Amino acid sequence: MRQKFKKEEILQILSGIMVFISFFQAWIYDGGLNYFYGPELKRMLYDPPFLINLVYWLLILGAANVFFGWSRKYNGLLAGATAVVVFLFLKTIVDFNSQSEKLSAANGFYMAGVGMIAAVASILVARKERLASNTGTKDVNK
């Protein structure tokens, strides 16, 4: 019989799903009828910042988070890398959006943000459970 998913594994799966799907969602809305999706962001800019290339890492990190969470092998380093990459990409989008009043963030931006929050939460939950198990073993050893 398979064991239940741990909290950090569920959060890692949630993070992976949100980050993966955000790649295919609109990231920027220009106020008219135009939405710009992840891969289009690089083409729409005359001189794109280097960090715009992080959009392709969203697919890889999202799939990896789902894989490790689903296989019940929580990977804290992967969750941390996901949080950092998504944060840098979101900061790039915010810096770009601040150049024009007509631009606003769209679904992909917010989905990636939720994925980043889930990745950070999984790290905190895993750390909390590890500390709780360490104090439990210290009490037994006394």
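In the working numbering, the protein residues as written are 154 to 295. Every residue gets a Cβ at the ideal spot worked out from N, C-alpha and C, and that includes glycine. Note that the structure is a prediction, hence the values are computed from the model and not measured.
List the endpoints of the continuous beta strand (DSSP E) containing residue i.
i: A179; result: A179 to Y182
i: F189; result: Y188 to Y190
When the Cα of residue i is compared with those of the options, which residue comes out closest?
i: T245; options: S224, K160 and W180; result: W180
i: L256; options: L214, L194 and R155; result: L194
i: I270; options: F158, R155, Q156 and L164; result: L164
i: A216; options: S251, N250 and F173; result: F173
i: V239; options: K160, M171 and R155; result: M171
Taking 7 Å as the limit between beta carbons, can you name the residues of its chain near residue i, skipping five residues before and five after?
i: S175; result: L211, G261, M264, A265 and G268
Can you tell me the Cα-Cα spacing of residue i and residue j, whole angstroms?
i: G169; j: T288; result: 31 Å
i: S224; j: A285; result: 23 Å
i: Y209; j: S253; result: 25 Å
i: I166; j: V219; result: 4 Å
For residue i, which residues of its own chain have a beta-carbon under 6 Å away from its beta-carbon, when the five flanking residues on both sides are left out?
i: V272; result: Here residue 272 turns out to be Ala, not Val, going by the sequence shown. Within the same chain, A272 has close Cβ partners S168, A232, T235 and A236.
i: N228; result: F221
i: P192; result: none
i: N250; result: L256
Is residue i helix, strand or coil when you go by DSSP?
i: S286; result: helix
i: A271; result: helix
i: A258; result: strand
i: K226; result: coil
i: R155; result: coil
i: G266; result: helix
The alpha helix (DSSP H) spanning residue i covers which residue range?
i: K160; result: K160 to S175
i: K244; result: G229 to N250
i: G105; result: The structure shown does not extend to residue 105, since the chain is modelled only from 154 through 295, so no value can be given for it.
Could you check if residue i belongs to the surroundings of the ligand NAD, using beta carbon to heavy atom distance under 6 Å?
i: D183; result: No copy of the ligand NAD appears in this structure; indeed no ligand is present at all.
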